[in-house]
Structures are given as C-alpha cells and as structure tokens.
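Asks:
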Amino acid sequence: MSDELGKFISLHTNLLRELGWSAFVRKIRDSSDLTTLENVKHPAKRLLKHYKYRGAPVKFSTPPWSSERVSQALARGAHKSCLAHQEFLHEEFADMIAKSQWVILPASAVKDIPDLRISPPGVIPQRDRRPRWICDYSFSGVNEETLPLAALDSMQFGHALDRILREILLADPSFGPVKMMKIDLSDGFYRMDVNIEDIPKLGVVFPTAEGDEPLIAFPLVLPMGWKNSPPVFSTATETIADLANQRLASVKDPRPHHLDEAAEQVVPENPLEASMPRLQPLPSVLRTSSFCLRPSRPRTVRWDPTLPHRSPLQLPVPKFTLAHFHEIIS
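The letter at position 208 of the sequence shown is residue 211 when you use the numbering used here, and the numbering goes up by one with no holes.
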C-alpha cells in the first residue's frame, strides 16, 4: 500500500473513533456542488434542495444484513480483476479521498455501524485510457433491493444511435457536413452527495494483500454502479439544461458576436449539389409526414424510431439500421 493512502486510512480511523460516524462524515466531506437554489424556479427545486442538504437516500425493500452475511461478503473479497491493478487502485483512491469522494476504513472500526452492507468491486480495463473502478452492487443484491426513490423520468436515455442518425439524415445540407461533439462532465456522479446515515449501505471491499487487515471503502458521493446514481445525477443536469434553454428562449435580440460579419462572408459549398447524381430513393423506413405538407413549404420526411409508425400504405415499417443509413449517404 502506498504511504499516502496508508496515512489517510490512519487519520480517518482516529477521527471516526473520536467523532462518531455522522460528525466524521461532515468533517471530511466538502460542501455540495449545488448552489443554494434560492433564485431557481423549476419543478425539481425542492428535490434538488433535499439532495444538497441531506444527500441522496439509499432505502431497501429488505431488512438489514446480519453480521454473518457481512462477514461472508468481507471474506469473499474483491473481484479478481482488481488483483492486476493494485497500484492503480492505490493511486486512484488516494486521489478520490483527497477530493472528499471516498473514505477507506478498517473493517474492525466499522463492523458495528448500523445497516452495513458490503459489495465486491471490480476494475474494467479501457483501451488507450486508465482503467475504471466500478462497484458491483448487482452481485450483492444491493441494486435489486434498492427502492427507486429518484426521478427516473429525468433520464432521457434510449435509442441514442437511432436519434443521432435521424438528426444527421434530416440535417440541412446547405450548412455543410454534420459535425458532432461529446462533452463529459468530470467526476459527474461524484458531485452529488449520499445521505450520511445511508453511506454504510453502499460499502465496498477494498482489495488488500493476503494477511493484511480487511478494509472497506465507503462512497461519500454517488458511486458508479449503484442503481439510483444515474437518475439522481440526471435530475441535476436536466434541470441545468432546462434553465439554460429557458434563458436562451427568453432573449429576443441576442447580443452581437464580434465574428458575425466574418461569418456572413463565408459561403460553404453545398454538398447536396455535388452529390446529386449519387442520390438514391429513400428507404421505406422513412415515412412521409403530412404535418410537413403545407403550402409553399417543400415536401420533407420525418421519422421517429421510438414510435411504431406505419407507412402511408399501412405496411409494416422495417427497423432502421446502419445499412439503411449507408444506403442513403453512399
């Protein structure tokens, strides 16, 4: 074990014995990244204030674990994928502990904490990137037994590929080729706190060498792998998106940009004219929308992959695949 990680464990063990669990977490965990929300007008304001001042709740449909079950989970240890990444885990946790995201404590110091549950961790190798630490809350049954006390409808996931292809297909070609950008929020889940009293329920075995004292890691913030982490995090991000869109929509005359004049002088080549001889009929997966058939408006096509649409001839619509997309752009 690295010297830095060992010093953290020793310091936090002494603080826990001196202060007790609740005071210990309050002392080592930084304040929430959420603002006071006083000037926010949004239906999610009350829920976000609960997350800010109390943290995300962790409630189960089953009774607390017995001491025998805790001991069995501790004896089983971490997933074997952790054994090949010991050095990475020591560096990773030293960094996360310094950021007040996790804490590691000896099993002997926390064995009597109420509602303690222990899950096995794993390490996922990634090509050309650092490995990823993840908690297997499914193996321990924590995910299955977790009550869905979160705004599940805040997650706008699903059919991502279909929606992206649709936007590319129906983009105005006069603006040139379609470009995409992915923006990742660093330590996204780790910006939302977990309720102090519920943190022991998300305990994870920290891999140690044979013969060393068993260690347990506790997430002070939303951990990767827990069932309710995505909807709780999405509640904050979707609220931010809603507020940003509201502000943009409220501006009737946006302030001029210093590059507006230069942009007006740029006339991009129309890729539609260059590829006109190669255009082929659209596949039957696309349906003609009567909504778009208005006077003085060009005939266009609309397609929603999430709905069971039928063609104008009431024929079943085949599934849209990459082959169809290549057929259109080739």
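Ideal Cβ positions, reconstructed from N, Cα and C, are used throughout, including at glycine.
Could you tell me which of V43, F142, T240 and D33 sits nearest to A76, measuring between CA atoms?
Replies: Here residue 76 refers to the residue found at position 73 when the sequence shown is read from its first residue. When each option's Cα is compared against that of A76, the closest is F142.
Asks: Cβ of P232 within 8 Å of Cβ of F192?
Replies: Walking along the sequence shown from the start, residue 232 turns up at place 229. Walking along the sequence shown from the start, residue 192 turns up at place 189. Note on identity: in this sequence residue 232 is Ser, with Pro being the wrong assignment. Yes, the Cβ-Cβ distance between S232 and F192 is below 8 Å.
Asks: Using three-state DSSP, classify A220 as helix, strand or coil.
Replies: As a first step, residue 220 must be located in the sequence shown, where it is residue number 217. Note: A220 maps to strand in three-state DSSP.
Asks: Beta strand (DSSP E) containing V207: first to last residue?
Replies: As a working mapping, residue 207 is identified with position 204 in the sequence shown. Start and end: G206 to F209.
Asks: Around the Cβ of K255, are there at least 16 other Cβ atoms within 10 angstroms (buried) or fewer (exposed)?
Replies: Here residue 255 is taken as the residue at index 252 of the sequence shown, counted from 1. So K255 ends up on the exposed side.
Asks: What is the DSSP secondary structure of I127, counted as helix, strand or coil?
Replies: Residue mapping note: residue 127 aligns to position 124 of the sequence shown, counting from 1. In the structure shown, the three-state DSSP call for I127 is strand.
Asks: How would you write the range of the alpha helix (DSSP H) that I100 sits in, first residue to last?
Replies: Working through the sequence shown from its first residue, we reach residue 100 at position 97. Q89 to A101 is the span of the alpha helix (DSSP H), which, as asked, contains I100.
Asks: Could you tell me whether the segment 197 to 208 touches the segment 137 to 151, where touching means 3 or more Cβ pairs closer than 8 Å?
Replies: Remark: three or more beta-carbon pairs, one from each stretch, lie closer than 8 Å, so the segment 197 to 208 and the segment 137 to 151 are flagged as touching.
Asks: Taking 8 Å as the cut-off, decide whether the C-beta atoms of V126 and S84 are in contact.
Replies: On the sequence shown, position 123 is the one that residue 126 refers to. On the sequence shown, position 81 is the one that residue 84 refers to. Yes, Cβ-Cβ distance for V126 and S84 is below 8 Å.
Asks: When DSSP labels each residue in this structure, what does F142 get in the three-state scheme?
Replies: In the sequence shown, the residue the question calls residue 142 occupies position 139. DSSP places F142 in coil when its eight states are reduced to three.
Asks: Based on the DSSP output, what are the partners of I107 in its beta bridges?
Replies: Mapped onto the sequence shown, residue 107 falls at position 104. I107 is bridged to A220.
Asks: Taking the alpha helix (DSSP H) that L246 belongs to, which residues open and close that run?
Replies: Numbered from 1 along the sequence shown, position 243 holds the residue referred to as residue 246. That run of the alpha helix (DSSP H) goes S232 to S253.
Asks: Would you tell me roughly how many angstroms separate the C-alpha atoms of A153 and Q129, rounded to the nearest one?
Replies: Along the sequence shown, one-based indexing puts residue 153 at 150. Along the sequence shown, one-based indexing puts residue 129 at 126. Spanning the two alpha carbons is a distance of roughly 30 Å.
Asks: Assign S189 to buried or exposed, taking buried as 16 or more other Cβ atoms, counted over all protein chains shown, within 10 Å of its Cβ.
Replies: The residue you call residue 189 lines up with position 186 of the sequence shown. Residue environment: S189 is assigned as exposed (fewer than 16 neighbouring CB atoms within 10 Å of its CB, all protein chains considered).
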